[in-house]
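Colleague: I'd like to ask some things about the structure below.
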Amino acid sequence: MNLLIKNGHVINPSQNLDEKLDILVADGKIMEIGKKLAAPKGAEVIDAKGLLVTPGLIDMHVHLRDPGLEYKEDIVTGTRAAAAGGFTSVACMPNTGPVNDNKAVTSYIIAKAKAEGLVNVFPVGAITQGIKGENLAEMGDMKEAGCVAVSDDGKPVSNPELMRRALEYAKGMEITLISHSEDLGLAGDGQMNDGFTATELGLKGIPWVAENAATARDVFLAEFTDSPIHIAHVSTKGAVQIIRDAKARGVKVTCETAPHYFTLTEDAVRGYETNAKMNPPLRTGADVQAIKEGLSDGTIDAVATDHAPHHLDEKDVEYTLASNGIIGLETSLPLSLALVADKVLSPSQLIAKMSLNPARILGIDRGTLTQGAVADITLIDPNAEWVVETDKLESKSKNSPFLGKKMKGRAAYTIVGGKVVYKA
Amino acid sequence: MVFKHKDILGLQDLTAEEIELLLNTADNMKEISKREIKKVPTLRGKTVVNLFYEPSTRTRTSFEIAAKRLSADTLNISASTSAVQKGETLSDTARNIEAMKPDIIVMRHAISGSHHYLAKRVSYSVINAGDGAHEHPSQGLLDMMTMREKLGTLKGLKVAIVGDIAHSRVARSNIYGLTKMGARVFLAGPPTLIPPGVERLGNVTVCNRMRDAVEDADVIMMLRIQLERQGKTLLPTMREYSRFFGLSRDVVKLAKPGVLVMHPGPMNRGVEICSDVADGADSVILEQVENGVAVRMSMLYHVSGGGPTE
Amino acid sequence: MSTEATVILDGVGIKRALTRIAHEILERNKGVTDLVLVGIRTGGIHLARELASRLEEIEGVKIPVGSVDITLYRDDIKTQAAHLPVGKTEIPFSTEGKRVVLVDDVLFTGRTIRAAMDAMMDHGRPQYIQLAVLIDRGHRELPIRADFVGRNVPTSRKENIQVRFDSGDHPVEVFLEKN
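Sequences listed follow chains A, B and C, in order.
To convert, note that position 269 of the first sequence is 269 in my numbering; the numbers rise steadily by one, no gaps.
To convert, note that position 156 of the second sequence is 156 in my numbering; the numbers rise steadily by one, no gaps.
To convert, note that position 75 of the third sequence is 75 in my numbering; the numbers rise steadily by one, no gaps.
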């Protein structure tokens, strides 16, 4: 069970490697990284000429919908989509049915992922029981069962006192807390970004202050409790600035954004496009610019997709009735590679935001190509051109605003624990 | 000049020439309603379905009369009596109606963009009779028809629109239509009811005070204020609203002599408009209703013309 | 495609024809009692006004003139790619029990006249409807015949006959185009 990856361009941010190297894999681990390695007898050889060889990509924010909402996605199809997108690990959010707020659900996810999943699945447990924002969930128990973080994602923890206690408790239990920072009062029943386009379309707006105010509150609570906090799906200029300032004064804050927030603006909603409806909503050009700056200067640590599969029946409806969210696993890599093409990020910076940084935030032993490490490796063809097509997507749901769009770059091989789980 | 659209979803989608064509046809169709036999055979054999997801008397009746005067067969479906009550989706309702081969569907729906959704999925023509806070093109057209009839032209008119702009589809359709036709629109209302960026919709000026909008205006259009829709956070009291944004005789005096006072109805007398103004010499509110039939005949006539020819 | 235009009736000829028609209308109706003229848009309206002024010269009485637009009564409405603009119909008098003389410039298939008669019936019930045309070019597709004709002009179907009016809406000439 040996594998030699030859002639590839290795990018390994943890070691600052950015050069042509071979990698030898044995028994699911990385044996050796070096120049012109010889293939042991019987080893499978991948010629990675023209490909980038990177630590297995990690998407720290996906919704696998399993258990309970398998009509949208399940662990099998979700991990297949992840593999096709170049991801070797995903962290899955707890808003399932039932909610992952106890170790029984956590154990189910881990067991099913182990048995049937193509890639590593790291469950995220709920902060509060039932994601109701009332009582803390059993974080300690869930951590022991395998949860890598807690989050009420999809909903904020609105009560500031409860959020304070959650941060204190999570810190003690040494589990990462991921905040969905949104002021529900300000967001109201908004349907898209508040502003000119919403006025034109006659849709209720979600103002940026709903995100900024909540982000500021959460950052202050993290500062006050001296606890780490990770802010999910940052979409506004103001939130980027709040986090930048907080980092500068030493607050233990990290954050992520999603590819759609640096690719699309609220204009994508025109025509009442339900596949451009998500929460937080697509913002303005100025926000997109600020997100890029945040990625570039390191304010934004990670790119995560917020992969949110929804059934056609939940999207093929009047705009206001449509569910929030889009799938992202299979388009994240090309959309993110565009940041490199646009000189927003170096290849190494991008790969760090898609592997090393999420691994560190979640505290998992992934995201690096070093001797002895688990052989989760992604081989990327940065120049492959392809078109997003419904029937070629592995995800069970097809709710993407990028359908029919041309993409550049894709995973050529996705290798999990030394095993090729996807080949383009 | 011919009309090439399959649907009329909003005045934003139409050119000034197309709006003018619709208005000219409406002008010439007005005479039909004054005849002894108020009917022409034009849409004989066509079926017009009125699908109303929101209660409406005026608009539904007006469309129904318009269709009947053109000899179309009409059918009314209202949400309270239909399968919608049983949870049927708009898409299914639309397809079921489509199977019965209608030619035109006139729809009112509380959700902005419903008509775009529908029009993309069906072969028959869709006329928007009001979608959420988005557009109400027949109202915009009948307002413009009334202004043009009374004042001769729309070009250069100063039109004040006062009230809840944020939730008003009437305001949006009038803004799109009027500014395309060369009028200047001045908006006034409580700041909480002025939507962001509205001044970018056309030649639009937002005024904080009602008097600034009304001063020297050729037309004052009052919008209905709906307490149930505005909720609790947007306004203090109806009393204060009425004091600052209600149309009284004194405010009318700021406008040009012979100003037209308009209201899309139904009116809250004593709230956004005083009765002596609503029933006064400047009021053209009933003319608006009369012109509504002609405008809707024009819309039905033009969309039924064979569809896009490109 | 080249077109070749021949003048088949000049201004003097038109005047003569209209004067004759005016006399024939009076003769047929034994005067102007209950007489009204309705021109079919747009050429017919101009000719109706011409006839009315001749009738007034002869009899000293103003004859009511209306206009009818037949767009909404056309029988080809279902096959039009896009509906034609609608013109104004103005009949500012009652036609109930009246002797209505419909006026048109060129009588061809008869379909326009059928539409105009239907439109007239929707305005009331006249005692008679009579038809006056400046040119009858033949090729009838409906059982319709003019009561008063300025000139019969045998044509082929491919040819086109037009009456040209000046800026004051007075008829100037009738010409025939061969395609």
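The beta carbon of each residue, even a glycine, is placed where N, CA and C say it ideally should be.
1) Compare the C-alpha of residue 192/A against each of 414/A, 201/A, 206/A and 182/A and name the closest.
2) Please list the partners that residue 195/A has in chain B, where partner means a Cβ-to-Cβ separation under 7 angstroms.
3) At which residue ranges does the region 57–109 of chain B contain complete beta strand (DSSP E) runs of 3 or more residues, listed in the order of the chain?
4) Output, in sequence order along the chain, the residues in the region 75–104 of chain B whose CB is closer than 8 angstroms to any CB in chain A.
5) CB residue 245/B to CB residue 272/B, shorter than 9 angstroms?
6) Using the three-state DSSP reduction, which class does residue 137/B fall into: helix, strand or coil?
7) Contact check, residue 11/A vs residue 17/A under 8 angstroms by CB: the rounded distance?
8) Checking 9 angstroms against the spacing of the C-beta atoms, do residue 300/B and residue 63/B come in under that value?
9) What residues from chain A crowd round residue 114/B, counting only those whose CB sits closer than 7 angstroms?
10) Is residue 66/A closer than 9 angstroms to residue 56/A when the C-beta atoms are compared?
11) With 9 angstroms set as the bound, which would you pick, yes or no: does the beta-carbon of residue 161/C sit closer than that to a beta-carbon of chain B?
12) Name the chain A residues that come within less than 9 angstroms of residue 140/B, Cβ to Cβ?
13) For residue 356/A, count neighbouring C-beta atoms within 10 Å of its own C-beta (all shown protein chains included) and say buried if the count is 16 or more, exposed if not.
14) DSSP three-state call for residue 48/B: helix, strand or coil?
15) Quick one, which residues of the region 58–87 of chain A are near chain B if we go by CB-CB under 8 angstroms, in chain order?
16) Tell me which residues of the region 125–139 of chain B have at least one Cβ-Cβ distance to chain A shorter than 9 angstroms, keeping chain order.
17) Looking at the unbroken beta strand (DSSP E) that takes in residue 20/A, where does it start and where does it end?
18) Determine whether the Cβ of residue 32/B lies closer than 9 angstroms to any Cβ atom of chain C.
19) With distances taken from CA atoms, which of 87/A, 340/A, 167/A and 135/A is nearest residue 307/A?
20) If the cut-off is 8 angstroms on Cβ atoms, which residues from the region 76–92 of chain C count as contacting chain B, listed in chain order?
21) Give the straight-line distance between the Cα atoms of residue 372/A and residue 216/A, rounded to the nearest whole angstrom.
22) Determine, for residue 41/B, whether the minimum Cβ-Cβ distance to residues of chain C falls below 9 angstroms.
23) Checking the sheet assignment: what are the DSSP bridge partners for residue 179/A?
24) Report the residues of the region 142–172 of chain B with a CB closer than 7 angstroms to any CB of chain A, ordered along the chain.
25) Residues in its own chain within less than 7 angstroms of residue 362/A by CB, not counting five upstream and five downstream?
26) Assuming residue 318/A contacts residue 113/B (C-beta within less than 8 angstroms), just tell me the rounded distance between them.
27) Spell out whether any CB of chain B is found under 9 angstroms from the CB atom of residue 398/A.
28) So, does the region 336–347 of chain A touch the region 270–284 of chain A, judging by three or more C-beta pairs under 8 angstroms?
29) CB of residue 23/A to nearest heavy atom of the ligand GTP: below 8 angstroms?
30) Quick one, are the C-beta atoms of residue 73/B and residue 46/B less than 9 angstroms apart?
31) In whole angstroms, what is the alpha-carbon distance linking residue 409/A and residue 108/B?
32) Apart from the five residues on each side of it in sequence, which residues of its chain come closer than 8 angstroms, Cβ to Cβ, to residue 225/A?
33) Would you say residue 293/B faces chain C, with C-beta separation under 9 angstroms as the test?
34) Does the region 34–52 of chain B touch the region 272–290 of chain B, meaning 3 or more C-beta pairs lie closer than 8 angstroms?
35) Could you check if residue 239/B is buried or exposed, using at least 16 other CB atoms within 10 Å of its CB as the buried criterion?
36) Between residue 134/A and chain B, is any beta-carbon pair separated by less than 9 angstroms?
Modeller: Let me spell this out:
1) 206/A
2) 196 and 197
3) 73–78 and 104–109
4) 89, 90 and 91
5) yes
6) helix
7) 7 angstroms
8) yes
9) 318
10) no
11) no
12) Residues of chain A passing the Cβ test: none, with the nearest at roughly 13 angstroms.
13) buried
14) strand
15) none
16) 131, 132, 133, 134 and 135
17) 17–26
18) yes
19) 87/A
20) 77, 78, 79, 80, 81, 82, 83, 84, 85, 86, 87, 88, 89 and 90
21) 41 angstroms
22) yes
23) 231/A
24) 169 and 172
25) 60, 91, 122, 148, 149 and 176
26) 7 angstroms
27) no
28) no
29) Because no ligand of any kind appears in the structure shown, any question about the ligand GTP cannot be addressed here.
30) yes
31) 45 angstroms
32) 164, 167, 168 and 171
33) no
34) no
35) exposed
36) no
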